[in-house]
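Quick note on our numbering: the sequence shown kicks off at 135 and runs consecutively.
Even for Gly, the Cβ is constructed at its ideal location relative to N, Cα and C.
These figures come from a predicted structure and were not determined experimentally.
Reading through the structure tokens given below for one structure.
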Amino acid sequence: MTRRHQVIHSLKRAASSASWMVVRRVLWTTSLCTLLMAMIGTLGCEPASSTSSVNEQIKEEENAPEANQLGAVDRLDNAGSDFKLPSTESEVTPVSSNASQVAPPGTAVLLLTGPLPTASATMRQEAEALLGELASRPLQSPDSLEVQARFHFMFGQNAEAEKCWQRALELVPNYAYAHHGLAKVAMLRSEYSRAKELLTQAIVDLSGNEDVVHDLHNTLMKLGEVSEAIRILDQYVERNGGSADSYLLLGNAFLTQKDYARAKESFERVLSLDPESTRGQQGLGSALLRLGMRTEAQQLLEKQRARRQETSSQNRSAEEVFAAECSDYSTRYLFAARVYSQLGDQAMSEALLRRATELNPQSTKAWTLLFDFLQQHDRLVDAVLSAEHMCEINPKHASCHFTLGVLRNRAGRPKEALAAFQRAHELAPESPLTLESMIRIQVQQRLDIQRATELARKLVSLRGLASDHELLAQCWAVQGNLDQAFTELTAAIELDPANVNYQQAMEQLRQARGESK
Numbered sequence: 135m136t137r138r139h140q141v142i143h144s145l146k147r148a149a150s151s152a153s154w155m156v157v158r159r160v161l162w163t164t165s166l167c168t169l170l171m172a173m174i175g176t177l178g179c180e181p182a183s184s185t186s187s188v189n190e191q192i193k194e195e196e197n198a199p200e201a202n203q204l205g206a207v208d209r210l211d212n213a214g215s216d217f218k219l220p221s222t223e224s225e226v227t228p229v230s231s232n233a234s235q236v237a238p239p240g241t242a243v244l245l246l247t248g249p250l251p252t253a254s255a256t257m258r259q260e261a262e263a264l265l266g267e268l269a270s271r272p273l274q275s276p277d278s279l280e281v282q283a284r285f286h287f288m289f290g291q292n293a294e295a296e297k298c299w300q301r302a303l304e305l306v307p308n309y310a311y312a313h314h315g316l317a318k319v320a321m322l323r324s325e326y327s328r329a330k331e332l333l334t335q336a337i338v339d340l341s342g343n344e345d346v347v348h349d350l351h352n353t354l355m356k357l358g359e360v361s362e363a364i365r366i367l368d369q370y371v372e373r374n375g376g377s378a379d380s381y382l383l384l385g386n387a388f389l390t391q392k393d394y395a396r397a398k399e400s401f402e403r404v405l406s407l408d409p410e411s412t413r414g415q416q417g418l419g420s421a422l423l424r425l426g427m428r429t430e431a432q433q434l435l436e437k438q439r440a441r442r443q444e445t446s447s448q449n450r451s452a453e454e455v456f457a458a459e460c461s462d463y464s465t466r467y468l469f470a471a472r473v474y475s476q477l478g479d480q481a482m483s484e485a486l487l488r489r490a491t492e493l494n495p496q497s498t499k500a501w502t503l504l505f506d507f508l509q510q511h512d513r514l515v516d517a518v519l520s521a522e523h524m525c526e527i528n529p530k531h532a533s534c535h536f537t538l539g540v541l542r543n544r545a546g547r548p549k550e551a552l553a554a555f556q557r558a559h560e561l562a563p564e565s566p567l568t569l570e571s572m573i574r575i576q577v578q579q580r581l582d583i584q585r586a587t588e589l590a591r592k593l594v595s596l597r598g599l600a601s602d603h604e605l606l607a608q609c610w611a612v613q614g615n616l617d618q619a620f621t622e623l624t625a626a627i628e629l630d631p632a633n634v635n636y637q638q639a640m641e642q643l644r645q646a647r648g649e650s651k
């Protein structure tokens, strides 16, 4: 091995201590395909949790649609790492004799694999067949009962939903989703003290669930406990960030408390997240008037009037209503898919996952779970094909193309993966994750080192992590520019002086440059 190759090899070893927790355990002697498989759980804004509840992740999809729609580079969860439901097989009970109407065996899967429903009635028929099939199972788990309850609740069958949630609690007394579901029923009955009791139990395990927090906040407001309602929601927003809906609730609570300055701040945050929010504009106008800022309030009023003139109708169109309904069904199908996976019915699980993506093509959670399922069953080729279809449906969403790149690379198609990453880069040029993926694949495959160097310099400027400097050092070393490699590796060591691999790479680099020890 030549001295130059020794340096490159040493730098590759150093890369195994990059900033990700998983990548630290991956040596650069492995292929980039293997590296990405290790990286796959950390390619987004937050680390994946191997212990997080499956249902919690689904709840997040339903409760924070804006944050989970495709449009920014998202994490692709570890393939199959959390697909199975957390319930144990012992947490089951015989189905009751008064189960919902049972469809003939196989009806649900036939409907789910048939044409996509184009009307509410057809979609409900499909869901009712699924509900009947689930209810006919001889054994019931808390998760299965939760799925049934959610469908019943959506259909307005509150008594049936309540029975399912009660049965789930009989199996698992601290089953948080049942507490939340029963609280929703209590709220509909204006039983706010009961709802508060249930939500207080639910939030112990679901403190990061926005829907639970909102329900508890609203319940406390109904009970006149305004300060506590603000504390609960303010704490959630501080820890998890908030949607426009969260800040809207906070703003209205501050108005009730006559804290108009904080109300103004909250409504301004609403409009920063959703500039067209009518309720946000109205709330801000109220806060401005109470603060004596009449000129600003008048300007906002004129803006609202102009907006109303531009919009022919303030009501949602029939298409928008149906799309929202499809999204609701999609979320429930994701729950059901996990239940059927637990039951070992993989055909039904896949049918539900695919239908979920059809009903809500913008749902990152639906696509991610489908890819997880296919990879878990050694169907990487199918996962790639599905990702390509996802990109056809969402051609201008960077996260789709980024995910396609990851899957293609895992399938051993690095050049095609690079093409997908490049498209993601065109759509989101400031994404450090996309930049890094492009650089690593070009360095590993020796495709365009000069271009990789340009991108690495941009990555250093954009993010500036130790691993970014080390990656740029690799680019220079591959080109034989050991002086520049030395400069960048020195910067990496300054940022991460405890990194043993960086130190070993530096020793090799010094020897290659003819320096004495």
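Quick one: Cα of residue i to Cα of residue j, how far?
i	j	result
Thr257	Pro249	The question names Thr, yet the displayed sequence has Met at residue 257. For Met257 and Pro249, the distance between alpha carbons rounds to 11 Å.
Leu273	Ala378	41 Å
Glu223	Asp479	Residue placement at Glu223 is poorly supported in this model, since its pLDDT is 35, which falls under 50; the coordinates are not used for a value here.
Ala310	Thr429	48 Å
Leu332	Leu423	38 Å
Met482	Lys356	42 Å
Leu329	Ser275	In the sequence under discussion, the amino acid at residue 329 is Ala, which differs from the Leu named in the question. Using only the alpha carbons, I get a separation of about 24 Å.
Ser571	Arg597	14 Å
Val634	Asp602	16 Å
Asp506	Cys525	17 Å
Leu303	His313	8 Å
Ala586	Ile573	5 Å
Trp299	Ile527	37 Å
Cys460	Ala500	13 Å
Ala485	Thr247	6 Å
Glu522	His511	19 Å
Glu641	Glu560	38 Å
Asp393	Pro307	40 Å
Ala470	Gln438	42 Å
Suppose contacts are defined by Cβ-Cβ distances below 9 Å. Is residue i in contact with residue j by that definition?
i	j	result
Trp382	Ser400	It should be pointed out that residue 382 corresponds to Leu in this sequence rather than to Trp. Yes, the Cβ-Cβ distance between Leu382 and Ser400 is below 9 Å.
Leu569	Leu593	yes
Arg472	Met288	no
Arg647	Leu616	yes
Tyr474	Leu493	no
Ala553	Gly539	yes
Gly385	Val404	yes
Leu629	Leu581	no
Gly86	Ala397	Any answer about residue 86 is impossible in this case: the structure gives the chain only from 135 up to 651.
Gly78	Glu344	In this structure the chain extends from 135 to 651, so residue 78 is not present and cannot be described.
Leu477	Arg271	yes
Val347	Ser380	yes
His531	Gln584	no
Leu643	Ala619	yes
Thr491	Ser520	yes
Of all the options the options, which has the alpha carbon lying nearest to the alpha carbon of residue i?
i	options	result
Gln637	Gln480, Arg647 and Ala626	Ala626
Arg547	Gln579, Ser324, Thr502 and Pro631	Gln579
Lys318	Ser451, Ala397 and Arg284	Arg284
Glu436	Thr412, Asp506 and Val455	Thr412
Leu434	Glu410, Thr247, Leu279 and Asp277	Glu410
Gln282	Gln300, His348 and Leu265	Leu265
Glu372	Asp393, Lys392 and Ser341	Ser341
Gln291	Asn308, Leu305, Glu262 and Glu267	Glu262
Ser533	Glu564, Pro307, Gly614 and Ser324	Glu564
Within the same chain, show all residues whose beta-carbon is closer than 6 Å to that of residue i, passing over the 5 residues directly before and after it, in chain order.
i	result
Leu508	Asp516 and Ala517
Thr164	Because Thr164 sits at a pLDDT of 29, beneath the cut-off of 50, its placement in the model cannot be relied upon, and the point is left open.
Ala558	Ala532, His535, Phe536 and Thr568
Gln391	Val360
Looking only at its own chain, which residues have a Cβ that is under 8 Å from the Cβ of residue i, when we skip the five neighbours before and after it?
i	result
Leu514	Leu508, Leu541, Arg544 and Ala545
Asp349	His314, Ala317, Lys318, Met321, Ala329 and Leu333
Here's a check: name, in chain order, each residue in its chain whose Cβ is nearer than 7 Å to the Cβ of residue i, leaving out the five neighbours to either side.
i	result
His351	Ala363, Ile366, Leu367 and Leu383
Pro566	Leu593, Leu596 and Arg597
Thr353	Met321, Tyr326, Ala329, Lys330 and Leu333
Glu260	Leu245, Leu246 and Pro251
**Asked** What are the uninterrupted segments assigned as beta strand (DSSP E) that are 3 or more residues long and contained completely in the stretch 314–345, given in chain order?
**Response** For the stretch 314–345, not a single whole beta strand (DSSP E) run of length 3 or above is found.
**Prompt:** Quick one: complete alpha helix (DSSP H) runs, 4+ long, within the stretch 571–603?
**Reply:** Given a length threshold of 4 residues, each whole run of the alpha helix (DSSP H) inside the stretch 571–603 is given here in chain order: 583–596.
**Request:** Only counting runs of 4 or more residues, tell me where the alpha helix (DSSP H) segments fall wholly within the stretch 347–424, in order along the chain.
**Result:** Runs found: 360–374, 378–390, 394–407 and 412–424.
**Request:** Please specify which runs of the alpha helix (DSSP H), each continuous and at least 4 residues long, are wholly inside the stretch 615–645, giving them in chain order.
**Result:** For the stretch 615–645, the continuous alpha helix (DSSP H) assignments of 4+ residues that do not extend past its boundaries occur at 616–629, in sequence order.
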